[in-house]
Structures are given as C-alpha cells and as structure tokens.
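Colleague: Counting the sequence shown from 1 gives a position; the working numbering is that position plus 1.
Take a look at this one; I'll ask things after.
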Amino acid sequence: MDINQNNTNDIMDEMHPSEDMDLPTIQTAVTNMLKAFGENPTRKGLLRTPERVARMYTELLSGYLVDPHKIVNDALFEVTYDEMVIVRDIEFYSLCEHHMLPFMGRAHVAYLPSGKVVGLSKIPRIVDVFAHRLQVQERMTRQIADFINEALMPKGVAVVVEALHLCTMMRGVKKQNARMTTSAVHGAFRKNLATRQEFLDNISRGSEPMRF
Ligand code: ZN
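Below, the structure is given as structure tokens:
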C-alpha cells in the first residue's frame, strides 16, 4: 500500500504536544473503568493499578511531548556522501487510536542525502516520537517520511512499516498472523524504480519473520 498522497494535513493536525499529561484525571478514569467492569478497585491487586496505568501512559504516549526537530538539530552533518542510507529493522511499539491497544513491528527507513545526513542513532528516535502517540499505522508511516523529508531535504526518502495489531489479533476476527505493511515515499524513491527496488531488495534480504 502506498499511502503517500502529499497530504500533510495530519502533520498540521498534530495535537498540541505542549502540556504535561493530567495524571489524576487518567487515574480517576481507570478507577471508573474498573468499577464499570464490575471489579473492586480497592482490592489489593488493583489498589495501585490506576496510578500504574497513568504512569505507563506518560511513557507510551511520550511522543506528544517531544519535538522531533530537537532530536535532529544538533545531529545534522554536511557531507558529500550521496549513496542511499538505510536503517532497517527498527523495532517500535505504538497504540492504535481506535482501541488504544498496541501495534508493534519494524520500521525501515531510507534516504538519499542531498548534502546533509543525520546521526544514525537519531532515526530510531524519530520513529519512536511518532510511535509514542495514539496512531494509525498509515499516518505514522507518512509522518516519519514527511518529517525526514522536511528536516533533511534529501533527494528522496522511503519508509516501510510492518506491524502486528493486537486489536485484530485479540478480538473480532482473531487473525493471529495478519501483518500490515505500509509505505510512504518521496522524491527519488517515488520517481525512480531502480532506487525504490534497491531499498526493497535491501530490506527483504535476510529478514526473519517478526516474532512477538
Ligand atoms: Zn485498533
């Protein structure tokens, strides 16, 4: 699936990542959910659950509080290197925005530099910033590609994401192995078949099926 339609609305739509999370409100909500399930939130095992869940969300959804520009700003290098840079098998964990259940898998990122490269360790961090939000896989894929395109202004960028979604594995049709692949491409990866193929060949080489 190619989901790059030059639609940057979703980046504009980015929620307002400035404020800290409201932990007491999350705790109250979790307590109310436990009651609604018919549970007893005061029994020993559940006593601290609302607090734990609230703290957990500050980690799982920390991407709202991070400006990805700050990650790359001090790690951009001017170079004459113009071969393809590929970072593959970046493990990520995200939450689907429809069910707030995890989806997780691997992201593969490639770009063709145009005078600028970014420190290699920053690419997984960029993936994490967008993964640690309530997401749909298609939008996350495009946001990663759009951000790298904007920040590095490369000749091209390609992102492929493969993921398993617990909301389809645990409920409804229970398709245990339904794996979804999404991609987003810009520039040379869109225009030049050989460039795109080089990337696709690279990410399929020696890759093992995802195991969780
Ligand atoms: Zn879902």
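C-beta atoms are modelled at their ideal positions from N, C-alpha and C, and glycine is treated no differently.
#1: Starting from the C-beta of residue 83, find all residues in its chain whose C-beta is less than 8 angstroms away, skip the five residues before and the five after it, and write them out in chain order.
#2: Starting from residue 52, trace the alpha helix (DSSP H) both ways and give me its first and last residue.
#3: Tell me the rounded alpha-carbon separation between residue 164 and residue 197.
#4: Which residue marks the beginning of the beta strand (DSSP E) containing residue 205, and which one marks its end?
#5: Under the criterion of a Cβ to heavy atom distance below 8 angstroms, does residue 77 qualify as lining ligand 1?
#6: I'd like to confirm the pairing. Which residues does DSSP put opposite residue 103 in its beta bridges?
#7: Going along the chain, which residues of its own chain have a beta-carbon closer than 6 angstroms to the beta-carbon of residue 194, five neighbours each way excluded?
#8: Cα separation between residue 126 and residue 72?
#9: Determine whether the beta carbon atoms of residue 67 and residue 133 lie at a separation below 9 angstroms.
#10: Is residue 58 closer than 9 angstroms to residue 27 when the C-beta atoms are compared?
#11: Can you determine whether any heavy atom of ligand 1 sits closer than 8 angstroms to the C-beta of residue 70, and answer yes or no?
#12: By alpha-carbon positions, which one of 69, 76, 129 and 31 ends up nearest to residue 55?
#13: Nearest CA to the CA of residue 185: which residue from 77, 91, 161 and 148?
#14: By how many angstroms is the C-alpha of residue 91 removed from the C-alpha of residue 206?
#15: For residue 121, does the three-state DSSP call read helix, strand or coil?
#16: Among all the DSSP beta bridges, which residues are the ones paired with residue 215?
#17: Given this structure, state the Cα-to-Cα distance separating residue 147 from residue 106, to the nearest angstrom.
Modeller: On the basis of the supplied data:
#1: 113, 114, 115 and 156
#2: 50-61
#3: 21 angstroms
#4: Unbroken run through residue 205 is the alpha helix (DSSP H), 194-205; no beta strand (DSSP E).
#5: no
#6: 96
#7: none
#8: 8 angstroms
#9: yes
#10: yes
#11: no
#12: 31
#13: 161
#14: 15 angstroms
#15: coil
#16: Only positions 2 to 213 of the chain appear in this structure, which leaves residue 215 out of reach.
#17: 20 angstroms
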